[in-house]
Amino acid sequence: MEYLAYVAFGIYVLIILTGGLMAVLCRSMVRALVGLILTLFGVAGCYLLMAAPFIALMQILIYVGAVSILILFAIMLTRAPAGAEEAPYIFPWRSIAALAVAFLPLAVIGGMIRSGQVTPLVPPTEVPLAELGQTLIEPYLLAFELISVILTVAMAGAVILGFERRIGK
Amino acid sequence: MNIAPELIHIAVALAAIAAFIGLNGLVLVWLERKVAGHIQRRPGPYEVGPWGLLQPVADAVKLVGKQLVRPKVADPWLYWSAPLLSFTPVFLLFLTIPFGPRLIGMEFNLGLLLILAFSGLNVLALCLAGWSSANKYSLLGAARAVAQSIAYEIPLLLAVLAIAFQFGTLNLSTIVHHQGPMPWQWNVMTQPLAFIIYFICAVAETNRAPFDLPEAESELTAGFHTEYSGMAFGLFFLAEYAYIIVISCVATVLFLGGWHGPGAPGFWWFLLKVYALIMVIIWLRWTYPRVRFDQLLNINWKWLLPLALVNLLLTLIFVKM
Amino acid sequence: MKQSWVDELNAAGAPKCTEVQKGVACFCLEPENLLPSVRKILDLEYYLQDVSAADFQEGYLLTYHFAHFEEPGQAVFRVLISHEEPQIPSISSLYQGAIWHEQECNDFYGIVFTDHPDLKPLLLVPEENLYPLRKDTQSQKSFLDIFPGCKLVEAPPAPEGEESSGDQETAGEETPKKKGTGKAKARKGDDETAQEPGQA
Amino acid sequence: MLHYAQEQLQGDYYTRAFQAGAQEDTLILNMGPQHPSTHGVLRIILELHGEYILRAEPVLGYVHRMQEKMGEVKTYPQYLPNMGRVDYLHALAWNWAYVLAVEELLQLEVPERAEYIRVITCELNRITSHLLWWGAYLLDLGAFTPIMYGFADRERAMDLLQIITGSRLTYCYYSFGGVTADLTPQFIDGTKEFCKYLRTRLPMYKDLVTDNMILRHRVDDIGIIPVDMARRYGVTGPNLRGSGVEHDLRRNTPYSIYDRFDFEIPAYEECDALARYLVRMDEMEESLSIIEQAIDSLPEGPVTPPKMPKVIKPPKGEAYGAVEGARGVIGIHVISDGTATPYRIKLRSPSFSNLSLFAEVSEGILLADAVSILGSLDLVIPEIDR
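Residue numbers (the working numbering), protein chains in the order written: chain A, 6 to 174; chain D, 19 to 339; chain Y, 158 to 357; chain G, 12 to 397.
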C-alpha cells in the first residue's frame with residue numbers, strides 16, 4: 006500500500022519538474038504555458054495524495070480550466086506566433102544568477118529540515134466538504150473575501166481593457 | 019493491499035467505458051446522419067449495410083486510412099497532442115456516472131466536480147489545436163472557443179450547484195437515489211429552470227449548433243480543426259460525440275432521475291433518457307441557424323447568468339426553509 | 158428621360174443631346190466636360206449602370222450608361238479619346254461603382270483613368286499587360302461608319318471648325334454625337350470647336 | 012516557427028498591395044478563393060481587428076473567361092450559348108437580354124406566343140434562382156436544412172424547364188425572334204401544378220425559417236445600404252428594392268409584355284439584409300402570379316418569326332438590351348459593324364455592381380456579419396468575372 010504512494014509521489018514530482026522545466030526553458034510561449042499546465046496537474050496529484058481530492062479537483066477546474074486558458078487567450082491576442090525571440094540567451098551571468106535564485110528555496114527548506122526535527126504527519130484523512138466550507142467562512146472569512154474582491158477587481162479590469170480596445174477601433 | 023481490487027475495478031471500468039464510447043460514438047455518427055437525413059427529406063446513409071448501419075464503420079476506416087498532414091510551420095508537439103488531449107479526459111468523465119444501481123465505474127463523493135473539472139480540458143485542447151496549426155482561421159476559432167466556453171461554464175456551474183445544494187452532495191449516485199421512479203419525482207420538476215440553463219450551456223460547451231462558432235464553417239472554414247486530417251480530425255470528432263454523451267448522461271443523472279423509471283429500473287432507462295436528450299441536440303443542430311458571436315455572449319451574460327443566480331438563490335431559500 | 162433634364166444636362170457641360178430614341182438620350186462629351194456632366198447627372202439622381210470602352214479607328218470610345226430609379230429611360234455619355242494618349246478623368250469620386258468598371262477598362266484596353274484611387278488590374282493577371290480587347294489596325298472599324306449620324310470634329314490648329322452645328326441637330330434622329338478628335342495634338346483647338354456648336 | 016512570420020510578408024500581388032496599407036496589430040485574412048461562404052471562387056482580403064473588419068477588398072477574376080472577347084470572335088448565334096454560362100442561376104434572363112439587344116438591331120418582331128413563353132420560363136428560372144439563394148444564404152448563416160428543401164423544390168422547376176429547353180442549368184432557349192421550342196402540354200400542366208405546390212411551400216418556409224428568432228437577429232440591421240449608396244454603386248435588383256426603391260425594369264421600362272400582367276414590386280424600407288431577404292421571398296410569389304397569369308392567357312400561334320434570315324447580319328449600329336434578372340439589371344450593349352460577328356459586346360452584370368459596394372458596407376462590422384452580407388447580396392461569381 007505504502008509503496009504505491011511512493012510511486013505516485015515520484016510520478017507527480019516528475020510531472021511537476023518536467024512541467025516546470027518546460028515552462029522555464031521553452032522558447033515558445035504556448036509550450037511554456039503547457040509546461041505550466043503540466044505542473045498544475047502534478048500539484049493536483051500531490052493534493053490527491055494528501056487525501057484532499059476536493060482541492061485537487063478545484064486546482065484542475067480553476068487553474069487548468071480557467072486561469073491557464075485565460076493566459077493562453079492573452080498570448081493569442083498578443084499575436085506572438087513565433088514566441089519569445091526577443092529574449093536571446095545571455096549565457097553566463099544571468100543564467101548563473103537565475104540558477105542561484107532557483108536553488109535558494111531548496112537551500113532554505115533543506116536547511117530547515119536538516120536542522121529541525123522532521124515529524125511524520127499523521128496519515129492524512131479526507132476532510133468533509135462541509136467542514137472545509139465552515140473553515141473558509143468562519144476563521145478565514147477575511148482572506149476568503151479579500152480573494153473574491155481581488156478577483157472581482159481583476160475581472161472589472163479585464164472588462165474595462167476590453168472596452169477600451171473596442172473604442173480604440 | 020486493500021486498494022488493489024479498487025484499482026482492478028477502475029481498470030475494468032475504464033475498458034468498459036472505452037468500449038461504451040466507441041460503440042456509442044459509432045451509433046451516434048449513424049444516428050446523426052440518419053436523423054439529419056430525415057429532417058432534410060432525404061434517406062441518409064443506406065448503401066453500406068442494412069439501413070446504412072455500417073456507414074460509421076466505413077467512415078472510421080476512411081479516417082484511419084487517411085494521411086496525417088501537418089502544416090510545415092505548425093508546432094509539431096502541440097499540434098499532435100491537441101487531439102489526444104481533447105479525447106483522453108473523456109474516459110475520466112464516464113468513471114463516476116451511475117449507469118445503473120450498481121453499474122458505476124468508481125463511487126466517488128466528488129463525482130460531479132470531477133466531471134466539471136475534466137470537461138474543462140476540452141477547451142484547452144481546442145485552444146492548443148487552434149494556436150499550433152499556424153492558421154488564421156484556426157486561431158480565430160480557438161479564440162472563439164475560449165470566450166464561449168469560459169462564458170458558458172459559469173451558468174452551467176451555477177445550475178449544477180443548485181442541484182448540489184438541494185441534496186447537499188456532489189455524489190452522483192446519491193443524487194439519483196434522491197429521485198423517484200416516476201417522472202414527477204425527478205429533479206426536472208423541482209428545478210426546471212436549472213435544467214433549461216444546464217441544457218443550453220451544455221450544448222454551447224460542446225460547440226454544437228446553434229452554438230458551433232469555433233468551427234463555424236461558413237465563416238472560419240472549419241475553425242480550430244481546419245488543418246487536421248485523418249484520425250487527428252477523427253479524434254476531435256469522436257471527442258465531440260463523447261462530450262455530447264457525457265452532458266446527456268449528466269443531465270439524466272441530475273435532472274431526469276438517472277436509472278430510475280416506471281416499472282423496472284435499470285440501465286435501459288438510463289440509456290433511453292440519454293438518447294432522448296441526444297436526439298434533441300441533433301434536432302437542434304439541423305434546425306437552427308448559427309447565432310452570432312456577440313449574440314452568443316449576450317445570451318449568456320444577460321440572460322443565463324442572472325437566471326442561474328436567481329435560481330440558485332431560490333434553491334437556497336427553499337433548502338434552508 | 159425627361160426633356161427638362163436633357164436641357165439641364167445640355168447646359169451643364171458642353172454635351173449635345175437631342176432626344177431621344179426609346180427613352181435613350183445620348184450625350185457626346187469632351188474629356189474635360191465629363192466630370193461636370195457626371196456631377197450633374199448624379200444631382201439628377203441617376204445611377205451608374207456601367208462604363209465600357211470600344212476600340213475604333215479614331216480612338217477609344219468610352220460609354221457611360223446611366224439610368225434612373227423612378228424614371229424610365231437611359232442617359233448615355235460618350236467620350237472619344239486618342240490611341241496615343243488614352244487618358245481620361247476618373248468619375249469614381251462621384252460614382253464609386255465606377256472604380257471597378259474603370260479598372261476593367263484599364264485591364265482590357267490600357268486606358269488610364271486619372272485620379273482613380275487604385276488603378277490595378279481587376280480581372281486579368283496583374284503581372285502582364287495583355288489588353289485583350291484592343292483591335293489591330295485591320296480589324297478596327299471607323300466610328301463614323303458604324304454611327305453614321307455622328308460627325309467627327311476635325312480640328313485643324315488654325316481657324317474655327319468649318320463644319321456646321323447644323324449637322325448636330327440633324328443627327329438627332331439617330332443616336333447623335335459629336336466627336337472629339339482622334340488626334341491628340343489637336344486637343345485644344347478641338348475644345349474650341351466643341352464649345353462653339355454648343356453655343357450656336 | 013520563425014519563418015512563419017516571414018512567410019506572412021509574402022503573398023501574391025493583391026496581398027502585398029493590401030498589406031501595404033495595414034495598420035499595426037491587425038490580422039490580414041484571405042477569405043477565399045476557396046471558402047465555403049463565397050459561393051464560388053471569390054476572394055476577399057480582410058483586415059481584422061479581433062473579429063471586427065477594418066478593411067475589406069474583394070479580389071476578382073478567378074473564373075474570368077473573357078466573355079466579351081468571345082463575343083467579338085463568334086457570330087451572333089454562336090454567342091447565344093455563352094449567355095447561359097454567365098449567370099448559371101438565372102441563365103434565361105441573360106439569354107433574354109442578348110436576344111433583346113440583337114432583335115433591336117435586326118428590328119425583329121417577336122410573335123406573341125413566344126413573348127408569353129419567354130415570360131413564363133424566365134420567371135420560372137427566377138424562382139429557381141431565388142430558391143437556391145435562399146438555401147445557400149441560410150447555409151451561410153449556419154442552418155443546414157433549408158438548402159435541401161430549396162433544392163428539392165428547385166428541382167421540380169428545373170425538371171419542368173428541362174422538358175422544353177433540354178437542359179437543366181445553362182439554358183440556351185431563346186433565339187433571335189422567338190424561342191427554340193414550343194411549350195408542351197406536359198410543361199403547362201406541370202407548371203400549373205408547380206405553382207400550386209410552391210404556394211403551399213412558401214408559407215411553410217416563412218413559418219419555419221423566416222420567422223425564426225435566431226435568423227431574424229442574424230440578418231436584422233446588418234449591411235445597411237442606403238439609397239444614396241446604392242445609386243453611387245449602381246446596385247439594382249432585390250438588393251435595391253431592399254433599400255425601399257421600387258425599381259424594377261419589368262415595371263419601369265416594361266420590355267416584352269410585362270405591362271400586361273398584374274404584379275407587385277416588393278420593396279422594404281429597412282435597407283438591411285432582412286429587407287433584401289424578404290424582398291426575394293416576396294418576389295417568388297409575384298413570379299408565381301405572373302406565371303399563372305401568363306399561362307392562363309397564353310395565345311396560340313408560332314413561336315418563331317415567319318421569315319428569318321439565313322445569316323444574321325444586323326445593320327451597323329448599337330443596341331442595349333436590359334432586362335430584370337434575379338440579381339438586378341442585366342444589360343448587354345452590342346455594337347454591330349454590319350458583319351456576322353458583333354464589333355463589341357459589353358456585359359453589364361448586376362452582381363459586379365452589387366459586390367463593388369462590399370468594401371464600403373463591411374467597414375467596422377463583425378466577420379460573421381460579413382458572411383451574412385455577402386450572402387444577402389446574392390452573388391454569382393461567374394457573372395462578376397464574366
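Yeah, the Cβ is synthetic: ideal placement off N, Cα and C, and Gly gets one too.
*Out of G:Arg-262, G:Gly-188, G:Leu-135, G:Arg-242, state which residue places its alpha-carbon closest to the alpha-carbon of Arg-165 of chain G.*
Taking the first residue of the fourth sequence as 1, we reach residue 165 of chain G at position 154. Answer by Cα proximity: G:Leu-135.
*Compare the C-beta of Leu-22 of chain A with all C-beta atoms of chain D and state if any pair is closer than 8 angstroms.*
For the purposes of this step, residue 22 of chain A is taken as the residue at position 17 of the first sequence. In terms of beta-carbon proximity, Leu-22 of chain A stays away from the interface with chain D, with every pair separated by 8 angstroms or more.
*asked:* Once the 5 residues before and after Ile-128 of chain G are set aside, which same chain residues still bring their CB inside 7 angstroms of it?
replied: The count along the fourth sequence starts at 1 and reaches residue 128 of chain G at position 117. Val-190, Leu-194, Val-314, listed in sequence order.
*Mind checking if Cys-219 of chain D is an interface residue toward chain A, Cβ cutoff 8 angstroms exclusive?*
For this step, residue 219 of chain D is matched to residue 201 along the second sequence. No - not a single Cβ of chain A is within 8 angstroms of the one on Cys-219 of chain D.
*Determine which residues share a DSSP beta bridge with Gln-244 of chain Y and list them.*
Residue numbering aside, residue 244 of chain Y sits at position 87 when the third sequence is read from its first letter. Answer is Y:Val-269.
*Determine the extent of the beta strand (DSSP E) in which Ile-343 of chain G is found, giving its start and end residues.*
As a position in the fourth sequence, residue 343 of chain G is number 332, starting the count at 1. Per DSSP, the continuous beta strand (DSSP E) segment holding Ile-343 of chain G begins and ends at 340-347.
*Would you tell me roughly how many angstroms separate the C-alpha atoms of Ala-104 of chain G and Ala-100 of chain D, rounded to the nearest one?*
Taking the first residue of the fourth sequence as position 1, residue 104 of chain G is located at position 93. Taking the first residue of the second sequence as position 1, residue 100 of chain D is located at position 82. Using only the alpha carbons, I get a separation of about 52 angstroms.
_Let me check understanding here. Comparing Cα to Cα, which of D:Trp-319, D:Asn-316, D:Phe-311 lies closest to Leu-158 of chain D?_
Locating residue 158 of chain D in the second sequence gives position 140, where the first residue counts as 1. The residue with the shortest Cα to Cα distance from Leu-158 of chain D is D:Phe-311.
*Please classify Arg-88 of chain D: does DSSP put it in a helix, a strand, or coil?*
In the second sequence, the residue the question calls residue 88 of chain D occupies position 70. Arg-88 of chain D: coil per DSSP, three-state reduction.
*For the stretch 140-171 of chain D, enumerate the residues whose C-beta is nearer than 9 angstroms to any C-beta of chain A, in chain order.*
Residues are counted here when their Cβ sits less than 9 angstroms from a Cβ of chain A; for the stretch 140-171 of chain D these are Val-141, Leu-142, Cys-145, Leu-146, Gly-148, Trp-149, Ser-150, Ala-152, Leu-157, Ala-160, Ala-161, Val-164, Ala-165, Ser-167, Ile-168, Glu-171, given in chain order.
*Starting from Glu-202 of chain Y, find everything on chain G with Cβ-Cβ shorter than 7 angstroms and list it in chain order.*
Translated into the one-based positions of the third sequence, residue 202 of chain Y becomes position 45. The contact set of Glu-202 of chain Y on chain G, defined by CB atoms closer than 7 angstroms, consists of Arg-242 in chain order.
*Listed from N- to C-terminal order along the chain, which residues in the stretch 376-387 of chain G have their beta-carbon within a distance smaller than 9 angstroms of any beta-carbon of chain D?*
Taking 9 angstroms as the Cβ-Cβ cut-off against chain D, the residues of the stretch 376-387 of chain G that qualify are Leu-377, Leu-378, Ala-379, Asp-380, Ala-381, Val-382, Ser-383, Gly-386.
*By DSSP, does Pro-324 of chain D sit in helix, in strand, or in coil?*
Along the second sequence, one-based indexing puts residue 324 of chain D at 306. Per DSSP, reduced to three states, the secondary structure at Pro-324 of chain D is helical.
_I want to verify the contact list: residues of chain Y whose CB lies under 8 angstroms from the CB of Ile-138 of chain G, in sequence order._
The count along the fourth sequence starts at 1 and reaches residue 138 of chain G at position 127. Residues of chain Y passing the Cβ test: none, with the nearest at roughly 25 angstroms.
*Under 8 angstroms by Cβ, that's how I've got Gly-248 of chain D and Lys-90 of chain D pegged, so tell me the actual separation to the nearest angstrom.*
Start at 1 with the first residue of the second sequence, and residue 248 of chain D comes out as number 230. Start at 1 with the first residue of the second sequence, and residue 90 of chain D comes out as number 72. Gly-248 of chain D to Lys-90 of chain D, Cβ: 17 angstroms. No contact.
*Report all residues from its chain with a CB closer than 8 angstroms to the CB of Ile-323 of chain G; omit the five preceding and five following residues, and keep chain order.*
Translated into the one-based positions of the fourth sequence, residue 323 of chain G becomes position 312. Scanning its chain for C-beta atoms nearer than 8 angstroms, with the 5 sequence neighbours on each side dropped, one finds around Ile-323 of chain G the residues Thr-86, Tyr-87, Pro-88, Val-113, Leu-117, Phe-187, Ala-351, in chain order.
*Specify the secondary structure class of Tyr-25 of chain G as computed by DSSP and reduced to three states.*
Indexing the fourth sequence from 1 puts residue 25 of chain G at position 14. In this structure, Tyr-25 of chain G counts as helix in the three-state DSSP scheme.
*Just the C-alpha distance for Ser-247 of chain Y and Ala-241 of chain G, rounded to the nearest angstrom, thanks.*
The residue you call residue 247 of chain Y lines up with position 90 of the third sequence. The residue you call residue 241 of chain G lines up with position 230 of the fourth sequence. Each residue's Cα considered, the two are about 19 angstroms apart.
_Can you tell me whether Glu-126 of chain G is buried or exposed? The criterion is at least 16 other CB atoms within 10 Å of its CB, across all chains shown._
Reading the fourth sequence from its first residue, position 115 is the one you call residue 126 of chain G. Under a 10 Å Cβ-count criterion, Glu-126 of chain G is classified as buried, with 16 or more other Cβ atoms of the shown protein chains found around its own Cβ.
_Between Gly-267 of chain Y and chain G, is the shortest Cβ-Cβ distance under 8 angstroms, so that the two count as touching?_
Within the third sequence, the letter at position 110 stands for residue 267 of chain Y. Chain G contact via Cβ: absent.
*Simplified DSSP assignment, three categories, for Phe-185 of chain D*: One-based indexing of the second sequence puts residue 185 of chain D at position 167. If DSSP states are grouped into helix, strand and coil, Phe-185 of chain D belongs with the helices.
_Closer than 8 angstroms at the beta carbon, the chain D residues around Arg-36 of chain A_ = Numbered from its first residue, the first sequence carries residue 36 of chain A at position 31. Here the neighbours are Asp-93, Trp-95, Leu-96.
*Does the count of Cβ pairs from the stretch 318-325 of chain D and the stretch 292-307 of chain D closer than 8 angstroms reach three?*
In this structure the stretch 318-325 of chain D does not touch the stretch 292-307 of chain D; the number of beta carbon pairs closer than 8 angstroms is below three.
*Counting contacts by CB-CB distance shorter than 8 angstroms, is Leu-213 of chain G in contact with chain D?*
Within the fourth sequence, the letter at position 202 stands for residue 213 of chain G. Not an interface residue.
*Report the residues of the stretch 266-292 of chain Y with a CB closer than 9 angstroms to any CB of chain G, ordered along the chain.*
Those residues of the stretch 266-292 of chain Y that come within reach of chain G (Cβ to Cβ, closer than 9 angstroms) are Asp-275, Lys-277, Pro-278, Leu-279, Leu-280, Leu-281, Val-282, Pro-283, Glu-284, Pro-289, Leu-290, Lys-292.
*asked:* Rounded to the nearest angstrom, what separates Leu-40 of chain G and Trp-149 of chain D at their Cα positions?
replied: By one-based count along the fourth sequence, residue 40 of chain G stands at place 29. By one-based count along the second sequence, residue 149 of chain D stands at place 131. Rounded to whole angstroms, the separation of the alpha carbons of Trp-149 of chain D and Leu-40 of chain G is 15 angstroms.
*asked:* If I follow the unbroken beta strand (DSSP E) through Ser-191 of chain D, where does it start and stop?
replied: Position 173 of the second sequence, counted from the first residue, corresponds to residue 191 of chain D. Premise fails: Ser-191 of chain D lies in the alpha helix (DSSP H), 190-195, not in any beta strand (DSSP E).
_Contact with chain G by Leu-205 of chain Y, beta-carbon distance below 8 angstroms_ = Here residue 205 of chain Y corresponds to residue number 48 of the third sequence, with the count starting at 1. Among the residues facing chain G, Leu-205 of chain Y is included, as its CB has a counterpart in that chain under 8 angstroms away.
*Quick one: which unbroken beta strand (DSSP E) runs of 3-plus residues sit fully inside the stretch 197-259 of chain Y? Chain order, please.*
Counting only runs that start and end inside the stretch 197-259 of chain Y, the beta strand (DSSP E) elements of at least 3 residues fall at 203-213, 216-225, 231-238, 244-246.
*Within the 8 angstroms Cβ cut-off, does Trp-60 of chain G reach chain D?*
Mapped onto the fourth sequence, residue 60 of chain G falls at position 49. Looking at the sequence provided, one finds His at residue 60 of chain G rather than Trp. Chain D contact via Cβ: absent.
*Have a look at Ile-346 of chain G and Ile-384 of chain G and give me their C-alpha separation to the nearest angstrom.*
Within the fourth sequence, numbered from 1, the residue matching residue 346 of chain G stands at position 335. Within the fourth sequence, numbered from 1, the residue matching residue 384 of chain G stands at position 373. Annotation: Ile-346 of chain G to Ile-384 of chain G spans about 36 angstroms, alpha carbon to alpha carbon.
*Give every residue of the same chain whose Cβ lies closer than 7 angstroms to the Cβ of Gly-328 of chain G, excluding the five residues on either side of it in the sequence, and list them in chain order.*
Taking the fourth sequence and counting its residues from 1, one reaches residue 328 of chain G at position 317. Counting only residues of its own chain and dropping the five nearest sequence neighbours on each side, Gly-328 of chain G has a CB closer than 7 angstroms to the CB of Leu-116, Ser-347.
_Neighbourhood of Ala-76 of chain D by C-beta distance below 6 angstroms, restricted to the same chain and skipping five residues each side_ = For this step, residue 76 of chain D is matched to residue 58 along the second sequence. Contacts found: Val-66.
*Note down, in chain order, each residue of its chain lying with its Cβ closer than 6 angstroms to the Cβ of Gly-25 of chain A, except the 5 sequence neighbours on either side.*
Within the first sequence, the letter at position 20 stands for residue 25 of chain A. Its chain contains Thr-44 as the residues whose beta carbon lies nearer than 6 angstroms to that of Gly-25 of chain A, once the 5 sequence neighbours on both sides are disregarded; these appear in chain order.
*Determine the direct distance from the alpha carbon of Ile-341 of chain G to that of Arg-261 of chain G, and round the result to whole angstroms.*
Looking up residue 261 of chain G in the fourth sequence gives position 250. Looking up residue 341 of chain G in the fourth sequence gives position 330. For Arg-261 of chain G and Ile-341 of chain G, the distance between alpha carbons rounds to 12 angstroms.
*From D:Leu-238, D:Val-328, D:Thr-270, pick the residue whose C-alpha is nearest to that of Gln-45 of chain G; which is it?*
Translated into positions along the fourth sequence, residue 45 of chain G becomes position 34. It is D:Leu-238 whose Cα lies nearest to the Cα of Gln-45 of chain G.
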